[in-house]
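Engineer: I'd like to ask you about the structure that follows.
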Amino acid sequence: MTDVVLVTEELAGAAIDMLAAGSEVQKIDGADRPALLAALAGADAVIVRSVTRIDAEALAAATRLRVVARAGVGLDNIDVPAATARGVLVVNAPTSNIVSAAEQAVALTLAVARHTAAASAALRAGSWRRSAFTGVEVHGKTVGVVGLGRIGVLFAQRMAAFGVRLIAYDPYVQPARAAQLGVRLVTLDELLRDSDFISVHLPRTPETLGLIGEKELAVVKPGVRIVNAARGGLVDERALAEALADGRVAGAGLDVFETEPLTSSPLFAFENVVVTPHLGASTTEAQDKAGLAVAESVRLALRGEFVPDAVNIRAGGAVDEDVRPLLPLAERLGRIFTAVAGGVAARMTVEVHGAVVAHDVSVLELAAMKGLFAPIAAEAVTYVNAPHMAADRGVEVELATADGAGGPATLITVCGAMPDGGTLAVAGAFASESRLVEVDGFELDLAPEGVLLFFRYRDRPGVVGTIGTMLGRAGVNIAAMQVSRRAAGGEALMALTVDSRVEPELLAEVAAEIGSTRAAVADLL
């Protein structure tokens, strides 16, 4: 039987031709819900963009479906957990728009510097006002880049051609890697105080939401111009409007907003603000790259082969059946490492011990890297781009294997040498289920799932009760808890699984109350 690929939105012609070479391609309007549900019943794969919703209802109707592909970066319209539960692979095109996004940030920077949009609007309205739109040169200025992921790096490289001084804030990039790029790493406060232009290139997470807010805008260099073409909400829009009104900020370029679509905002009243409706990926080239990338992923998935751009845990048929159950454990250990470390190590080793090493376990290294960078990367992290992210950040990663001592369990340890000379290791074991068994030398036995909290503190009476009371007052329910210590009265590690996400402010309050030397949250939801 020929595989049926359902295309629900516009897709590059070359991508359609690629798919048609081995499958039957059917086109429908993904916005027509009844037609979509009916067509999904006979589809082996579906390719969508941003309009079509592939939710639990759609997946239930798609009894033959093996792969959902998003011809773009975001996955907001795809229920990834529901797809994973049904064994459906989800793929996207994580690098298709990075050049376009970087160029959009450059375009906004130049437009803000030269009042391009306001001058164009005035001239179209019949007003020739040259003196009203005197701008500034970018040359010789200090440009601060907040986030040196792949798009941030591309932006920095392009801005270097203008003869600027480049500084960056990114706690997850090694200084040596930044130096290779001609960028000086600084703290966020230094960047705010010293930059003439600031461009934001971060993912939207609980930690980055509102990163540049009222407090930060109070210390910026007078006359700074701010660009956000990354994610809405990273720059507090209300605080930005106030800073523009009192002249602390001389201009802003915004392609993204906290709530989208957005057609009315106090920011729209300022002539020195350039706004665009989320056009970062809106180029012909980015759309073509996205279509071809997902078409290739669909071809691999339908052939049962390993799919590098898989965003859920089912990585494809090339992974041995004995190795496949270990993928989520390796990825979660990577996430836990990043959370506990508070950054990325200079060198990483993924150690795999057990009889499973008789198979090819190299995918476990990729899974661990995927977890390491998922909490901090601006784009979706996949098996194919995780090594690139490590290289971009100057992180060396290697795989080490050893036969087990005859036991039934597989042990995976993620070890890192930190830039300050310290080391950290987290370990998990898998027999019939995954367990977190070690964090930084403290022994545990906890399921690596949900939201995990970690507190390091001096062992003494009353700490458990204090933490329980404070979390309870905040409406956070504790599902499981363990305390590990090396000696009574010495240093202890408390690990808790809770039923809901914990805001950074609450984590900090609990840590301060118990005198914690290190507190971290690992969100595995």
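With positions in the sequence shown counted from 1, the corresponding number in the working numbering is that position plus 1382. Ideal placement from N, C-alpha and C gives every residue a C-beta, glycine not left out.
#1: Alpha helix (DSSP H) containing Q1669: first to last residue?
#2: Suppose the cutoff is 6 Å on Cβ atoms and the five residues either side in sequence are ignored; what does the same chain contact list for E1831 look like?
#3: Between which residues of its own chain and R1468 is the CB-CB distance below 7 Å, once the five residues before and five after are set aside?
#4: According to DSSP, simplified to helix, strand and coil, what is E1733?
#5: Less than 7 Å separating the beta-carbons of L1875 and F1824?
#6: Please name the residue, chosen from G1724, E1895 and N1859, that lies closest to L1878 on a Cα-to-Cα basis.
#7: Closest to A1904 by CA distance: which of R1840, V1821 and L1584 is it?
#8: Between which two residues does the beta strand (DSSP E) holding D1905 run?
#9: CA-CA distance, L1834 and A1869?
#10: In this structure, does DSSP put R1580 in helix, strand or coil?
#11: Taking the C-alpha atoms as reference points, what is the distance between P1790 and E1815?
#12: Between R1613, G1595, E1642 and G1614, which has its C-alpha nearest A1623's C-alpha?
#13: So, do the region 1705-1717 and the region 1483-1490 have three or more beta carbon pairs nearer to each other than 8 Å?
#14: Starting from E1485, trace the alpha helix (DSSP H) both ways and give me its first and last residue.
#15: Do you know how far the Cα of A1861 is from the Cα of D1881?
#16: Ordered along the chain, which non-local residues of its own chain (more than five positions away) have a Cβ less than 6 Å from that of L1530?
#17: Hey, out of E1519, A1504 and T1645, whose CA is closest to A1495's CA?
#18: For a test of the three-state rule: what should DSSP assign to R1540, helix, strand or coil?
#19: Since L1826 and Q1864 should fall inside the 8 Å C-beta cutoff, what is the C-beta to C-beta distance between them, to a whole number of angstroms?
#20: Going by DSSP, what residues sit across from F1358 in a beta bridge?
#21: Indicate whether the contact test is met: 3 or more Cβ pairs, each with one atom in the region 1629-1644 and one in the region 1606-1617, closer than 8 Å.
#22: Which runs of the alpha helix (DSSP H) fall wholly inside the region 1809-1892 and span at least 4 residues, in chain order?
#23: Closest to L1616 by CA distance: which of T1899, G1592, G1897 and V1449 is it?
#24: Find the nearest neighbour of A1813 within the set A1799, G1804, T1587 and A1829, judged by alpha-carbon distance.
#25: Is E1519 near the ligand HEM, going by C-beta to nearest heavy atom under 6 Å?
#26: Please name the residue or residues paired with V1528 in a DSSP beta bridge.
#27: For R1452, which three-state DSSP category applies?
#28: Tell me which residues share the same chain as A1697 and place their Cβ nearer than 7 Å to its Cβ, disregarding the 5 neighbours each side in the sequence.
#29: Under the rule that 16 or more other beta-carbon atoms within 10 Å means buried, what is A1402, buried or exposed?
#30: DSSP three-state label for I1398, please.
#31: I'd like to check one pair, E1780 with T1731: are the Cβ atoms closer than 7 Å?
#32: May I ask you to list the residues that DSSP assigns as paired with R1446?
#33: Could you tell me the alpha carbon to alpha carbon distance between T1795 and D1411, rounded to whole angstroms?
#34: Going residue by residue through the region 1752-1786, where are the continuous beta strand (DSSP E) segments of at least 3 residues, counting only ones entirely within it?
#35: Since A1768 and L1748 are thought to touch, with beta carbons under 8 Å apart, how far apart are those beta carbons, to the nearest angstrom?
#36: Are the beta-carbon atoms belonging to G1526 and I1580 less than 7 Å from one another?
Structural biologist: Result, derived from the coordinates:
#1: Residues T1666 to L1684.
#2: L1906
#3: Contacts found: L1441.
#4: strand
#5: yes
#6: N1859
#7: V1821
#8: R1900 to D1905
#9: 24 Å
#10: It should be pointed out that residue 1580 corresponds to Ile in this sequence rather than to Arg. In the structure shown, I1580 sits in a strand (DSSP, three-state: E or B).
#11: 12 Å
#12: G1595
#13: No, the region 1705-1717 is not in contact with the region 1483-1490.
#14: Run containing E1485: I1480 to R1496, per the alpha helix (DSSP H) assignment.
#15: 6 Å
#16: A1550, D1552 and V1555
#17: Per the Cα distances, E1519.
#18: helix
#19: 5 Å
#20: Beyond the ends of the chain as shown, which are 1383 and 1907, falls residue 1358; an answer cannot be given.
#21: yes
#22: 1845-1855
#23: With distances taken between Cα atoms, L1616 lies closest to G1592.
#24: In terms of Cα proximity to A1813, the closest of A1799, G1804, T1587 and A1829 is A1829.
#25: With respect to the ligand HEM, the structure offers nothing, as it holds no ligand at all.
#26: Its beta-bridge partners are Y1551 and V1582.
#27: For R1452, the three-state secondary structure derived from DSSP is strand.
#28: Residue placement at A1697 is poorly supported in this model, since its pLDDT is 45, which falls under 50; the coordinates still yield a value, given next. Cβ within range, chain order: F1688, V1689, L1709, V1745 and Y1765.
#29: So A1402 ends up on the exposed side.
#30: In this structure, I1398 counts as helix in the three-state DSSP scheme.
#31: Yes; because the gap between Cβ atoms is below 7 Å, this pair is in contact.
#32: Paired residue(s): none; R1446 is not in a bridge.
#33: 47 Å
#34: 1778-1784
#35: With 8 Å as the limit, A1768 and L1748 qualify as a contact, their Cβ atoms being about 6 Å apart.
#36: yes
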